[in-house]
Amino acid sequence: LNTDESILRENWTELLPQKEKNLRAYQSSGTTGKRKFVYWGESYLDFLVRFLTKYLEKVYGLKRINKALVHGPYGWYQEEMSELVWRSGGYLYFIGIETEGLKKILEENPQKINEIMAPLINNTIRIVSKEKNLDLIRTAPELLEMLYEVFKNSNFKYILISGTSITPETYK
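Mapped onto the working numbering, the consecutive letters of the sequence shown carry residue numbers -18 to 153.
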C-alpha cells in the first residue's frame, strides 16, 4: 500500500479502517518531520507479536523473554515490545526517547546528541548496574555504540537492533 505522507500527517481520519476491531491511532516517531498518524488494530498487533516471537526463537533460540531492556520512541513501538515481553511471561524496562524532529536537530548540530540522549543513557546505566540477567536488549545501532562501555561487561544474552537508519552496512 502506497500512501501520500501528507494524508498521514494532515488527513489520517480519511483512512479509518471499517472492519478492524480495537483500533488504536498511533503517531510516527516524527524523526523526519511532523508526526504521521496511522491506525493499528488488535489483529495486527497479534500478528506482529507472533511473528517476532517466532523470529526470536528461530534466529536466536530465545523461547522466553524473562527480562528485557528496550530503547525507542513512545507509542506503537512501545506497545509492540510490551506485548512481546508480557506474552512471553517476562517483564520489560522500556526507556523512551522523544524523537520528534531528531534527525533535523542532529543534522544541524551533531554535538547535541549527548545532551538529547543523556536521560536514556543515565537510565540505561542504572538498570544495567542493577539487573544482572537481562535476556534481551533492543536498541538502535547509534545507541549501541554510545553505550558500548556500559554493555560490554553486562550479562545480557541477546541484542536486537532496530531503527530507520539500519542498512546492510550496519551489520558489517
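Even glycine gets a Cβ: it sits at the ideal position worked out from N, Cα and C.
Exclusion of the five residues before and after Met98 leaves Ile78, Leu124, Met127 as the residues of its chain whose Cβ lies within less than 8 Å of its Cβ. DSSP places Phe32 within a helical segment (H, G or I) once states are collapsed to three.
One thing to note: Gly71 has its Cβ within 8 Å of the Cβ of Ile46. Classified as exposed, Glu96 has fewer than 16 neighbouring CB atoms from the shown chains inside 10 Å of its CB.
Bounds of any beta strand (DSSP E) do not take in Phe132; it lies within the alpha helix (DSSP H) bounded by 129 to 132. Counting C-beta pairs with one atom in each stretch, the segment -12 to -3 and the segment 10 to 28 have three or more that are closer than 8 Å, which means they touch. Here Gly14 is exposed, its C-beta having fewer than 16 other C-beta atoms within 10 Å.
Relative to the Cα of Gly144, the nearest Cα in the group Glu150, Tyr129, Pro122, Trp57 belongs to Pro122.
One thing to note: Ile118 has its Cβ no nearer than 8 Å to the Cβ of Ile102.
Checking the DSSP bridge columns, you'll see Trp21 partnered with Arg5. Phe75 has Val51 as its beta-bridge partners, per DSSP. About 13 Å separates the CB atoms of Leu50 and Ser63; that is not less than 8 Å, and the two are not in contact.
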